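When the letters of the sequence shown are read in order and numbered with my numbering, they come out as residues 195 to 352. Yeah, the Cβ is synthetic: ideal placement off N, Cα and C, and Gly gets one too. Computed from a prediction, not measured in an experiment: that's the story for all the values here.
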Amino acid sequence: MIRVYLNGKVQQLEGFQIQTKKDRDGNEYVEDYLPGIKLYRHNGRFYISLDRGDEPIPSLLIDLVEEISLQDYFPKNPKRTSGIYKYKDAKAVLEDLGPNNTANRVQICGKTKDNVIELYNQIRAGKIHPTESWEVEQIPSLMSRVKKALRIFQIKSS
């Protein structure tokens, strides 16, 4: 799923409405609406949802785009390195969901849909390496480095 986050100026567009509706249980909820465009809110931010990467952003909203995000799951095989990936203005986090799960999760955000989609495609195709791998050994603690230096010093002193 691709989310296209919009700035608050969307409320100034002609036809913008806030409609109060009722769910099946009779509970009221608020829905933002533009003619022909389904708007959503998440943490106070407006967005539209695109089902596919080749689906265009409505021309009415192009100048209001703040950020594009994409989240997807794909098989662990072939192997992809967990970590942070970057391509131009897009940044991705690829996580292995654990040994009992057959999928990796990728979350990408960026300023342009093209760069978000390109980074996604490069990760899926294995054509890009992470800028920060989460699969390397953690750097040794300061104490273990001091002990190692002392051992080396003692060997050289003898």
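Minimum C-alpha distance to residue i - residue among the options
i, options, result
"aspartate 283", "Asp266, Glu289, Gly304 and Tyr241", "Gly304"
"leucine 228", "Arg235, Glu208 and Gly220", "Glu208"
"lysine 232", "Arg218, Asp217, Val204 and Lys280", "Val204"
"aspartate 217", "Phe210, Ile317 and Glu225", "Glu225"
"glycine 238", "Ile212, Ser253, Asn271 and Gly202", "Gly202"
"glutamate 329", "Arg318, Asp290 and Lys321", "Asp290"
"isoleucine 317", "Arg345, Asn271 and Ser253", "Asn271"
Neighbour-count burial assignment, residue i, 16 or more Cβ in a 10 Å radius
i, result
"arginine 274", "buried"
"tyrosine 279", "buried"
"tyrosine 314", "buried"
"valine 310", "buried"
"leucine 258", "buried"
"phenylalanine 347", "exposed"
"isoleucine 212", "exposed"
Nearest-angstrom beta carbon gap, residue j and residue i [assumed within contact, 8 Å]
i, j, result
"asparagine 298", "leucine 288", "6 Å"
"glycine 277", "proline 324", "3 Å"
"lysine 307", "isoleucine 251", "7 Å"
Identified DSSP bridge partners for residue i
i, result
"histidine 236", "Arg239"
"glycine 277", "Leu288 and Ser327"
"phenylalanine 268", "Asn298"
"serine 263", "Arg197 and Cys303"
"valine 204", "Paired residues: none, contrary to the question."
- [ ] Examine the Cβ distances between the segment 196-213 and the segment 230-245 and report whether three or more of them are shorter than 8 Å.
- [x] yes
Open item on the list: Count Cβ pairs between the segment 256-269 and the segment 292-310 that sit closer than 8 Å; are there 3 or more?
Closed with: yes
TODO: Determine contact between the segment 337-349 and the segment 284-292, defined as no fewer than three beta-carbon pairs at a distance below 8 Å.
DONE: no
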